[in-house]
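Note that the working numbering has the sequence shown beginning at 11, numbered continuously upward.
To start, the structure under review is shown below, and the notes come after it.
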Amino acid sequence: MNTELMIKELKFKAVRSSGAGGQHVNKVSSKIELTFDLENSESLTEEEKALLVQKLKSKLTKDNVLLLQCDESRSQHKNKEIAIDRFLNIISGGLTVQKPRKETKPSKSSILKRLEKKKKTAFKKVLRNKTNFE
Numbered sequence: 011m012n013t014e015l016m017i018k019e020l021k022f023k024a025v026r027s028s029g030a031g032g033q034h035v036n037k038v039s040s041k042i043e044l045t046f047d048l049e050n051s052e053s054l055t056e057e058e059k060a061l062l063v064q065k066l067k068s069k070l071t072k073d074n075v076l077l078l079q080c081d082e083s084r085s086q087h088k089n090k091e092i093a094i095d096r097f098l099n100i101i102s103g104g105l106t107v108q109k110p111r112k113e114t115k116p117s118k119s120s121i122l123k124r125l126e127k128k129k130k131t132a133f134k135k136v137l138r139n140k141t142n143f144e
């Protein structure tokens, strides 16, 4: 994964942000929309593309385009940096392969503790029973 080449493939669009801010929000396009065409990317191998399509299904459009928006800051430049950081985190997270879980057995002491606790609670419940002395 070549991040520099990947960042060059990104497309940015500045849009007017929503929310509070008064006149500033109405006249400045500070919100950034980042798009990344996954299928036509030259920075990823076919295996990486397939893995990302599988892992990022919910974040991709029908055309396998990743869309990110950022309007956290009042500065367009800062929003662009935040969007790039988010993008790189999403891509690197999507490319990491999880190790298979190694099954473990409970230790003997933990099994004995559990059984001892079960006996105590069972004994408590026996003591709660009403006994008939007739």
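No residue lacks a Cβ here, since even glycine has one placed at the ideal position from N, Cα and C.
Where residue i sits in the DSSP three-state scheme
i: Thr-45; result: strand
i: Gln-108; result: coil
i: Ala-132; result: helix
i: Phe-97; result: helix
i: Val-63; result: helix
i: Val-75; result: strand
Beta-carbon proximity check, residue i vs residue j, cutoff 7 Å
i: Lys-88; j: Ile-42; result: no
i: Gly-29; j: Lys-65; result: no
i: Asn-99; j: Ser-53; result: no
Beta-carbon contacts of residue i that lie in its chain and below 7 Å, excluding the five residues immediately before and after
i: Leu-125; result: none
Neighbourhood of residue i by C-beta distance below 6 Å, restricted to the same chain and skipping five residues each side
i: Ser-85; result: none
Cut-off 8 Å between Cβ atoms - residues of its own chain near residue i, not counting five sequence neighbours on either side
i: Ser-119; result: none
Using a Cβ distance threshold of 8 Å, determine whether the segment 45 to 58 contacts the segment 72 to 83, with at least three qualifying pairs required. Yes, they touch.
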